[in-house]
Amino acid sequence: MSDTYDPPAGPPVVLHMDAELLVVDKPSGLLSVPGKGAHLADCLLARLETAYPGTLLVHRLDRDTSGVMVFARTKTAQRHLGLQFERRHMSKRYIARVHGHPEAEGGVIDLPLIADWPNRPKQMVDHARGKPARTHWSVLEREAEAARVALLPETGRSHQLRVHMAEIGHPILGDPLYFDGVAPRLMLHAERLGLRHPDGGAPMEFVAPCPF
72 MSDTYDPPAG
82 PPVVLHMDAE
92 LLVVDKPSGL
102 LSVPGKGAHL
112 ADCLLARLET
122 AYPGTLLVHR
132 LDRDTSGVMV
142 FARTKTAQRH
152 LGLQFERRHM
162 SKRYIARVHG
172 HPEAEGGVID
182 LPLIADWPNR
192 PKQMVDHARG
202 KPARTHWSVL
212 EREAEAARVA
222 LLPETGRSHQ
232 LRVHMAEIGH
242 PILGDPLYFD
252 GVAPRLMLHA
262 ERLGLRHPDG
272 GAPMEFVAPC
282 PF
């Protein structure tokens, strides 16, 4: 992550809004929530609170990850959605471009993760102390020196997809923490999010087209 913070301008792209939910397409480069210090106050939550007072946080995406984020518009909806994340009832699909070509067409990465405290905010694999983390992956397309993959996390650990792909030798392009190469941005996008509506439980799926 660079030392400067220059988030993209413009209002968030709203994918869906009703009395309980607000679903948006978060741009890369914008914090989900405020960081430490006044210079990191601009974030997606603050912009949504200004445009739609009462917006409540449910989950986060890393600053440089783009894609679908759901917010609640009532406390009841916030609790309901929070439980869906906690109980892994949400379905999530990410698209990433990774360095190199995986030998297999897909698989499951099962590596427990823990904060790398001396090197925060980095995370690392720790089989003794780490929290369980599982990611399903599959190759969508092979490019010249990279591959486009679909990532379906079972768990939602911090930096899970980024660490898991780096650990199998195919870090996500543009990752400032786990890859040394250069790319215009972190090539990680939350493409789809499936959930049950807090009012009535109807299944819903939201899609934000991948921008890279």
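Just so we're aligned: the sequence shown equals residues 72 to 283 in my numbering.
Note that beta-carbon positions come from the ideal geometry of N, C-alpha and C, so glycine has one too.
(1) Mind checking which residues open and close the beta strand (DSSP E) that includes His87?
(2) Report the rounded CA-to-CA distance for Thr145 versus Gly272, giving the unit in angstroms.
(3) With a Cβ-Cβ cutoff of 8 Å, do Thr126 and Leu102 count as a contact?
(4) Please report the residue range of the alpha helix (DSSP H) in which Leu232 lies.
(5) Out of curiosity, what's the CA-to-CA distance linking Thr226 and Thr75?
(6) As a quick exercise: from Tyr249, Pro124, Leu211 and Leu222, pick the residue whose alpha carbon is nearest that of Asn41.
(7) Please report the straight-line C-alpha distance between Glu238 and Val139, rounded to a whole angstrom.
(8) Take His170 and list the residues in its own chain whose beta-carbon comes closer than 7 Å to its own, dropping the five residues that flank it on each side.
(9) Is the beta carbon of Lys163 closer than 8 Å to that of Leu223?
(10) Going along the chain, which residues of its own chain have a beta-carbon closer than 7 Å to the beta-carbon of Gln149, five neighbours each way excluded?
(11) Could you give the first and the last residue of the continuous alpha helix (DSSP H) run that contains Lys146?
(12) How many whole angstroms separate the CB atoms of Ala199 and Leu211, which I take to be in contact at a CB cut-off of 8 Å?
(13) From this set, His235, Val84, Gly178 and Asp133, which residue's C-alpha is nearest Ser209's C-alpha?
(14) Count the other CB atoms, across all protein chains shown, that sit within 10 Å of the CB of Arg134; report buried if there are 16 or more and exposed otherwise.
(15) Output yes or no for whether 8 Å exceeds the beta carbon distance between Ala167 and Met236.
(16) Should Thr206 go down as buried or exposed, given a rule of 16 or more other Cβ atoms within 10 Å for buried?
(17) If you follow the beta strand (DSSP E) that Thr206 is part of, which residue opens it and which one closes it?
(18) Can you tell me the Cα-Cα spacing of His172 and Met258, whole angstroms?
From the atom records:
(1) Its beta strand (DSSP E) spans residues Val84 to Met88.
(2) 15 Å
(3) no
(4) Gln231 to Glu238
(5) Straight-line Cα distance between these residues: approximately 30 Å.
(6) The requested residue 41 is not part of the displayed model; the chain covers only 72 to 283.
(7) Roughly 25 Å separates the two Cα atoms.
(8) Ala217, His241, Pro242, Leu244, Phe250 and Gly252
(9) Yes. Within cutoff.
(10) Leu127, Val129 and Ala143
(11) Under the DSSP assignment, Lys146 falls in the alpha helix (DSSP H) whose first and last residues are Lys146 to Glu157.
(12) In fact, because the Cβ distance is near 34 Å, the residues do not count as touching under 8 Å.
(13) When the alpha-carbon of Ser209 is set against those of His235, Val84, Gly178 and Asp133, the nearest one is in Gly178.
(14) By the neighbour-count criterion, in which 16 or more other beta carbons inside 10 Å mark a residue as buried, Arg134 falls on the buried side.
(15) yes
(16) buried
(17) Its beta strand (DSSP E) spans residues Arg205 to Arg213.
(18) Taking the straight line joining both Cα atoms gives about 15 Å.
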